[in-house]
C-alpha cells in the first residue's frame, strides 16, 4: 500500500511539474492536454496491436515448429517481459512515422 | 475511424493496466481461478515442474519453492511418497533429479522419492504420474503447482484417473502486494487463460 501511494505520488508530482513547465516555459496550450492524452491512447492501442500480432505469430511459429520438426518446442519461449517492451518500441516508431506524414 | 478504434483499444488497455497495478483486481481473478478442496491425507504428493534448472545446475526459485511446499506437506504426514517432476529441457541436469538431490539433502528418504523426468507438458505429467502411481494402487494425490495453473492441472490429473487435492487446500484471498507483484500475478493469469484455451481446443480438457 505504501509503495502504491509512493508511486502514485511521485508520478503525480512529476506530471504536475511537466504541466507547469509545458505551459509557463514552453508555451504549450493548456487545452492541448486532452489531445495529447488521446494521442497516448492511440500509441498504447498501436502497442497492444503489435503485442497481439507478435504473440499470435510467435505462437503459430512455435506450434508449426512442433509439427514440422517433430520435436518439443516450449511455448514458454514467448513468455518474456521484453516482448511488450519491443512492441511499445514498434508502436512508437510506427506512430512517429505516421506523425511525419501528417506534418508534411 | 481506424485511429479512433486504436485510441479506444489503447484507452481500455491503459485503464486495465492501471487497474492491475493499483487495485486488487489480479488478486481477485487469481483467487477466483484457484480450485478449493480441504487438505487431507493422500497416497502421494505430486510436485509439477516449474521453471527447471539454471546453467549452473541449480533449481530456479519457483522450482525450489514448489519442492519446499511438497517437503512441508510430506513432513506434516499428509502422504508417504513424493513424486518429483521436471522437464529435461535446457541443461544437462534434469529438474526432477536436482529436486531429488535437494529433497535427500533435506532428510527425505530416497525410498520416499520418485522422479519423473520425461514429461514436458502438464498433460504429459498427468499421464506419467498415472503410469507411475496406478500400479502402486495410489489414486488420491496432493498436487503442488502455481495457484493459477492449479485449475487446469487438477482437471488433467482427474481426467487421467486421480482424485486430486490442491496443495494449499482452500485458496486465501490476499489483498496486498506491490504493483509489480500484481502485474506478475495477472501475467500468470493471462498465460494460464491462453493455456486453458489451447488445451480445450486440442481436446485435452
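Chains as they are written, first to last, in the working numbering: chain A, 1 to 104; chain B, 105 to 309. Glycine is no exception: its CB is placed at the ideal position from the N, C-alpha and C atoms. Owing to the predicted nature of the structure, the values given are computational and were not obtained by experimental measurement.
Query raised in the report: Using a beta-carbon distance cut-off of less than 8 Å, what residues from the segment 30 to 53 of chain A approach chain B?
Result: Residues 38, 40, 41, 42, 43, 44, 45, 46, 47, 48 and 49.
Report task. Output yes if chain A places a C-beta closer than 9 Å to the C-beta of residue 221 (chain B); else output no. Result -> By this cut-off, residue 221 (chain B) is not an interface position.
**Report entry** Distance CB(residue 242 (chain B))-CB(residue 146 (chain B)) smaller than 9 Å
**Finding:** Contact flag set, yes.
Query raised in the report: So what's residue 149 (chain B) in DSSP terms, helix, strand or just coil?
Result: Strand at residue 149 (chain B).
Query raised in the report: If we ignore side chains and look at the alpha-carbon of each, how far apart do residue 261 (chain B) and residue 69 (chain A) end up?
Result: Their Cα atoms are separated by approximately 28 Å.
Query raised in the report: From residue 148 (chain B) to residue 302 (chain B), what distance separates their C-alpha atoms?
Result: Between the alpha carbons of residue 148 (chain B) and residue 302 (chain B) lies a distance of about 28 Å.
Query raised in the report: When you compare only the Cα positions, how much space is there between residue 64 (chain A) and residue 175 (chain B)?
Result: Those two C-alpha atoms are separated by around 39 Å.
Query raised in the report: At a CB-CB cut-off below 9 Å, which residues of chain B make contact with residue 94 (chain A)?
Result: None at all; the shortest Cβ gap to chain B is about 10 Å.
**Report entry** Opposing strand residues paired with residue 247 (chain B) [DSSP bridges]
**Finding:** The partner list for residue 247 (chain B) (beta bridge, DSSP) reads B:150 and B:270.
Report task. Within the same chain, show all residues whose beta-carbon is closer than 7 Å to that of residue 204 (chain B), passing over the 5 residues directly before and after it, in chain order. Result -> Only residues of its own chain outside the window of five on either side were considered, and among them 188, 217 and 219 have a CB closer than 7 Å to the CB of residue 204 (chain B), listed in chain order.
Report task. For residue 187 (chain B), name the three-state secondary structure that DSSP assigns. Result -> In the displayed model, residue 187 (chain B) falls within a strand according to three-state DSSP.
Query - Contacts of residue 4 (chain A) in chain B (Cβ-Cβ under 7 Å) - result: Ordered by position in chain B, the residues that pass the 7 Å Cβ test against residue 4 (chain A) are 126 and 283.
Query raised in the report: Going along chain A in order, which residues have a C-beta closer than 7 Å to the C-beta of residue 163 (chain B)?
Result: What residue 163 (chain B) touches in chain A: nothing, since even the nearest Cβ is about 17 Å away.
Query - Residue span of the alpha helix (DSSP H) that contains residue 64 (chain A), given as start and end - result: First-last of the alpha helix (DSSP H) with residue 64 (chain A): 33 to 69.
Report task. Could you tell me whether the Cβ atoms of residue 41 (chain A) and residue 110 (chain B) are closer together than 9 Å? Result -> Between residue 41 (chain A) and residue 110 (chain B), the C-beta gap is smaller than 9 Å, which places the two residues in contact.
Query - Helix, strand or coil at residue 276 (chain B) [DSSP, three-state] - result: DSSP places residue 276 (chain B) outside both helix and strand once states are collapsed to three, so it counts as coil.
Query raised in the report: Which one or two residues does DSSP pair with residue 219 (chain B) in a beta bridge?
Result: Here residue 219 (chain B) is bridged, per DSSP, to B:188.
Report task. Using a Cβ cut-off of 9 Å (strictly closer), state whether residue 191 (chain B) contacts chain A. Result -> The Cβ of residue 191 (chain B) sits closer than 9 Å to at least one Cβ of chain A.
Report task. Pair every Cβ in the segment 249 to 259 of chain B with every Cβ in the segment 110 to 130 of chain B, then say whether three or more of these pairs are closer than 8 Å. Result -> Three or more beta-carbon pairs separated by less than 8 Å are not found between the segment 249 to 259 of chain B and the segment 110 to 130 of chain B, which leaves the two stretches without contact.
Query raised in the report: Taking buried to mean at least 16 other C-beta atoms within 10 Å of its own C-beta, is residue 226 (chain B) buried or exposed?
Result: Buried: at least 16 other Cβ atoms inside 10 Å.
**Report entry** Member of B:178, B:184, B:154 and B:221 whose CA lies at the smallest distance from the CA of residue 198 (chain B)
**Finding:** Nearest of B:178, B:184, B:154 and B:221 to residue 198 (chain B), Cα basis: B:221.
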